[in-house]
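Trainee:
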Amino acid sequence: MEEKGNHGRRKKGGWVTMPFIFANEICEKLAVVGFSTNMINYLTTQLHMPVTKAANTLTNFGGTSSLTPLLGAFISDAFIGRFWTITVASIVYQIGMISLTLSAVLPQLRPPPCKGDQVCREADAGQEAILYISLLLGALGSGGIRPCVVAFGADQFDETDPKQNTKTWTFFNWYYFVMGASILVAVTVLVYIQDNVGWGWGLGVPTIAMLISVITFIIGYPLYRNLDPVGSPFTRLVQVIVAAYKKRKLPMVYDPKLLYQNDELDASISLAGKLVHTKHIKFLDKAAIVTEEDNLKSGQAPNFWRLNTVHRVEELKSLIRMGPIWAAGILLITAYAQQSTFSILQAKTMNRHITKSFQIPAGSMTVFAYVTMLTTIAFYDRLFIPLARKLTGLDRGITFLHRMGIGFVISILATLVAGFVEVKRKNVALAHGLIDQPHPAIPISVFWLVPQYCLHGIAEAFMSIGHLEFFYDQAPESMRSTAMALFWLAISFGNYVSSLLVSVVHKFSAGPNGSNWLRNDNLTKGKLEYFYWLLTLLQVVNLIYYLYCAKIYTYKPVQVHGKESGTSEEDGVELANRV
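In full-length UniProt numbering, the protein residues as written are 1 to 579.
(1) Give the range of the beta strand (DSSP E) segment to which I145 is assigned.
(2) Given this structure, state the Cα-to-Cα distance separating V88 from S99, to the nearest angstrom.
(3) Looking at the unbroken beta strand (DSSP E) that takes in P443, where does it start and where does it end?
(4) Going by DSSP in three states, Q118 sits in which element: helix, strand or coil?
(5) What are the start and end residues of each continuous beta strand (DSSP E) run of 3 or more residues lying completely inside the region 162 to 207, in chain order?
(6) Comparing alpha-carbon positions, which option in Q539, V189 and W305 lies nearest G405?
(7) Under the rule that 16 or more other beta-carbon atoms within 10 Å means buried, what is R82, buried or exposed?
(8) Can you tell me whether DSSP reads M252 as helix, strand or coil?
(9) Among the candidates L500, S498, A490 and I377, whose CA atom is the shortest distance from the CA of L67?
(10) In the DSSP output, what is L275 paired with across the bridge?
(11) Grab me the residues of Y546's own chain with a C-beta within less than 7 Å of its C-beta, minus the 5 sequence neighbours each way, in chain order.
(12) Taking only three categories from DSSP, how would you classify H7?
(13) Distance, Cα to Cα, D473 vs L223?
(14) Residues in the same chain with beta-carbon distance under 7 Å from G8, minus the five sequence neighbours each way, listed in chain order, please.
(15) Over the uninterrupted alpha helix (DSSP H) stretch that includes V16, give me the two end residues.
(16) By the three-class DSSP mapping on this structure, what secondary structure does M322 have?
(17) Per DSSP, which residues does H353 bridge with? Please list them.
(18) Using three-state DSSP, classify M49 as helix, strand or coil.
(19) Grab me the residues of L455's own chain with a C-beta within less than 7 Å of its C-beta, minus the 5 sequence neighbours each way, in chain order.
(20) Straight-line CA distance for Q194 to W201?
(21) Nearest to T207 by alpha carbon, out of E477, P256, L131 and L30?
(22) In chain order, what residues of the same chain have a beta carbon less than 6 Å from the beta carbon of P324, not counting five sequence neighbours either side?
(23) Excluding five sequence neighbours on each side, which residues of the same chain lie with their C-beta closer than 7 Å to the C-beta of T44?
(24) Would Q338 and Y530 be called neighbours here (beta carbons separated by less than 9 Å)?
(25) So what does DSSP say about P476, is it helix, strand or coil?
(26) Is V502 near N38, with beta carbons less than 9 Å apart?
(27) Which of helix, strand or coil does DSSP assign to Y260?
(28) What distance in whole Å lies between the Cβ atoms of T524 and P440, which are believed to be in contact at a cut-off of 8 Å?
(29) Name the residue from G34, M18 and A23 whose alpha carbon lies nearest to the alpha carbon of V367.
(30) According to the Cβ coordinates, are P113 and W488 closer than 9 Å?
(31) Can you list, in chain order, the residues of its chain whose CB lies under 6 Å from that of Y380, leaving out five sequence neighbours each side?
(32) Expressed to the nearest angstrom, what Euclidean distance is found between the alpha-carbon atoms of F157 and P233?
(33) Whole angstroms are fine: how far does the CA of I360 sit from the CA of I555?
(34) For A475, count neighbouring Cβ atoms within 10 angstroms of its own Cβ and tell me buried if that reaches 16, exposed if not.
(35) Does the separation of the CB atoms of G138 and S90 fall below 9 Å?
(36) Take residue 618 as the anchor and find which of L265, T376, L296 and F471 has the nearest alpha-carbon.
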């Protein structure tokens, strides 16, 4: 894409667009993470929410923010394209951040501060309404940004160009590295500002960063490679299902070559190669059986509610095959979600002093996860891949399914270790007679929490990037935004499962005299370690499920076209695993 065209004009896209896209991502992540990382402290200390309500508010917000990408992906793929979806969504997010910042600055928009030993007054309905409206606008904005920005960046590289298609997976590593670096700044500098300067500045700085991200992204517009939307992918999927149902009583054709194909109709949704017929989920093949009632005429498109091409049928099959792998990623997000809720509450009770005058903000503990994640990404890209390439012969070193599997194993270790660290924290509190104090200053270093944060960081470097690569590579090319929405949908479900798990455990572990695994009044008197070990057990079951799904998974087959002659004749079929 960087080469000159026939008329001396530089083709759009390529690495030259990355500074604008990455600058947008840096500022956007500063805003999003600065907005949410330390929010558990804002909700409990400024709005005086009970711990479980605050934790569930955050995980529900995280879940909704990861659910709305389905809407953003639909709008992008069907109507306005990725650039305009990102731009409009960023503005909506900006409005939500301004609203939340005002609620932190204006005293009438939050309850009065606690006085002495008096019971703190919770935020009233109006004050909570402003909070929820701000979070909703943030969730809607995220819905347009998240599914599109990764796909938009990958779009800058032409998959049909052999010199560029290997750059796509390099982009994914760099994208995640840049994202992690900006998050690292957010959980250190911004959290410090929130804890030591004030929430007005603590939320105001991310708001300004978001404004800068919008301006930077728009400036790069003339350089971008913008792909036109090709119609609603969801409509095409529904059309295949309806057509297959209408023809459910028809016998299957003996030769798949008799199924309906039309390269001209599929041209706009198969630029990088046409999907070929597979033997799985044969019922859907009936949508491509031609009958007299279809009344096909030369030069006319068929009624897609009765007849679809093989490519369109295979689009739906590809998404269905991805489903089990997608579902396996949910529980890892559930485990990781605890690092921004209960782990932070643990850190608040521990000795966070580095020097006599400086202590680490509890919300900044996630810095260890992000530093480890960045280090792991660099190690993986520069050392692990070249070594693995020599052993496996794969350009990517290992497949994304292997990469995800490694992440699952490390996540299990993280929650297992977290349970033992909680036992250690409680034993120190018991030894010093602090077990009954609701807000103790336990003489145990906060660095005991570092191993679990680091393990979660390593797990994310393997699992999350592998998941991202899997969705982009295995999804039909016309549904790349939708594929990224599925990535965020897994995160959404992971957060919702976390909320559900916390609520269920809190309800059914309740005992006499206020005992509970997850106590609102005194976390130290609870059994948080049991909760962590329950997560560990669930993840072990999930790993077994994933290994089975990965073993039987079939990569999507793509028709390879002649490259030298430029013809559309098929040279062969390859299994798509290019990223």
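The beta carbon of each residue, even a glycine, is placed where N, CA and C say it ideally should be.
Mentor: On the basis of the coordinates in this document:
(1) For this step, residue 145 is matched to residue 145 along the sequence shown. Not the beta strand (DSSP E): I145 falls in the alpha helix (DSSP H), residues A125 to D155.
(2) Here residue 88 refers to the residue found at position 88 when the sequence shown is read from its first residue. Here residue 99 refers to the residue found at position 99 when the sequence shown is read from its first residue. Approximately 17 Å, taken between the alpha carbons.
(3) As a first step, residue 443 is located in the sequence shown; it is residue number 443 there, counting from the start. Unbroken beta strand (DSSP E) run through P443: I442 to S445.
(4) Here the question's residue 118 lines up with position 118 in the sequence shown. Reduced to three states, the DSSP call for Q118 is coil.
(5) none
(6) Locating residue 405 in the sequence shown gives position 405, counting from the first residue. Among Q539, V189 and W305, the Cα nearest to that of G405 is on Q539.
(7) As a working note, residue 82 is residue 82 in the sequence shown. So R82 ends up on the buried side.
(8) Position 252 of the sequence shown, counted from the start, is the residue given in the question as residue 252. Three-state DSSP puts M252 in coil, outside helix and strand.
(9) Taking the first residue of the sequence shown as 1, we reach residue 67 at position 67. Cα-wise, what sits closest to L67 is A490.
(10) Translated into the one-based positions of the sequence shown, residue 275 becomes position 275. Its beta-bridge partners are V558.
(11) Here residue 546 corresponds to residue number 546 of the sequence shown, with the count starting at 1. A328, G405 and F408.
(12) As a position in the sequence shown, residue 7 is number 7, starting the count at 1. Reliability of the predicted coordinates at H7 is poor, the pLDDT of 40 falling under 50, and no value is obtained from them.
(13) Position 473 of the sequence shown holds residue 473. Position 223 of the sequence shown holds residue 223. If you take the alpha carbons of D473 and L223, they lie about 24 Å apart.
(14) Residue numbering aside, residue 8 sits at position 8 when the sequence shown is read from its first letter. Any reading at G8 must be qualified, since the residue scores a pLDDT of 39, below 50, and its modelled position is unreliable; the value itself is stated next. The answer is none, since no qualifying residue turns up.
(15) Here residue 16 refers to the residue found at position 16 of the sequence shown. First-last for V16: undefined, no H or E at that position.
(16) Start at 1 with the first residue of the sequence shown, and residue 322 comes out as number 322. It is helical.
(17) On the sequence shown, position 353 is the one that residue 353 refers to. H353 pairs with Q359.
(18) For this step, residue 49 is matched to residue 49 along the sequence shown. Coil at M49, not helix or strand.
(19) On the sequence shown, residue 455 is found 455 positions in, with the first residue counted as 1. Correct list, in chain order: I410, L413, A414 and V417.
(20) Translated into positions along the sequence shown, residue 194 becomes position 194. Translated into positions along the sequence shown, residue 201 becomes position 201. One C-alpha to the other measures close to 7 Å.
(21) Your numbering for residue 207 matches position 207 in the sequence shown. Of E477, P256, L131 and L30, the residue nearest in Cα terms is L30.
(22) Residue mapping note: residue 324 aligns to position 324 of the sequence shown, counting from 1. C549, listed in sequence order.
(23) If you number the sequence shown from 1, residue 44 lands on position 44. Counting only Cβ-Cβ distances below 7 Å, and skipping sequence neighbours, we find V51 and A54.
(24) Translated into positions along the sequence shown, residue 338 becomes position 338. Translated into positions along the sequence shown, residue 530 becomes position 530. In this structure, Y530 does not lie closer than 9 Å to Q338 by Cβ.
(25) Taking the first residue of the sequence shown as position 1, residue 476 is located at position 476. Reduced to three states, the DSSP call for P476 is coil.
(26) Here residue 502 is taken as the residue at index 502 of the sequence shown, counted from 1. Here residue 38 is taken as the residue at index 38 of the sequence shown, counted from 1. By the CB criterion at 9 Å, V502 and N38 fall outside the cutoff.
(27) Counting from one through the sequence shown, the residue named residue 260 turns up at place 260. Reduced to three states, the DSSP call for Y260 is coil.
(28) Residue mapping note: residue 440 aligns to position 440 of the sequence shown, counting from 1. Residue mapping note: residue 524 aligns to position 524 of the sequence shown, counting from 1. P440 to T524, Cβ: 6 Å. Contact.
(29) Working through the sequence shown from its first residue, we reach residue 367 at position 367. Ranking G34, M18 and A23 by Cα distance to V367 puts G34 first.
(30) Along the sequence shown, read from residue 1 onward, the residue named residue 113 stands at position 113. Along the sequence shown, read from residue 1 onward, the residue named residue 488 stands at position 488. Their beta carbons are not under 9 Å apart, which means P113 does not touch W488 by this criterion.
(31) Mapped onto the sequence shown, residue 380 falls at position 380. Taken in chain order, the list of residues that qualify is empty.
(32) The count along the sequence shown starts at 1 and reaches residue 157 at position 157. The count along the sequence shown starts at 1 and reaches residue 233 at position 233. The straight-line gap from Cα to Cα measures roughly 22 Å.
(33) Looking up residue 555 in the sequence shown gives position 555. Looking up residue 360 in the sequence shown gives position 360. According to the sequence shown, residue 555 is Tyr rather than Ile. Distance between the alpha carbons of Y555 and I360 is about 46 Å.
(34) Stepping through the sequence shown from its first residue, residue 475 is reached at position 475. Under this definition A475 is a buried residue.
(35) Locating residue 138 in the sequence shown gives position 138, counting from the first residue. Locating residue 90 in the sequence shown gives position 90, counting from the first residue. Their beta carbons are not under 9 Å apart, which means G138 does not touch S90 by this criterion.
(36) Past the edges of the chain, shown from 1 to 579, lies residue 618, and the structure says nothing about it.
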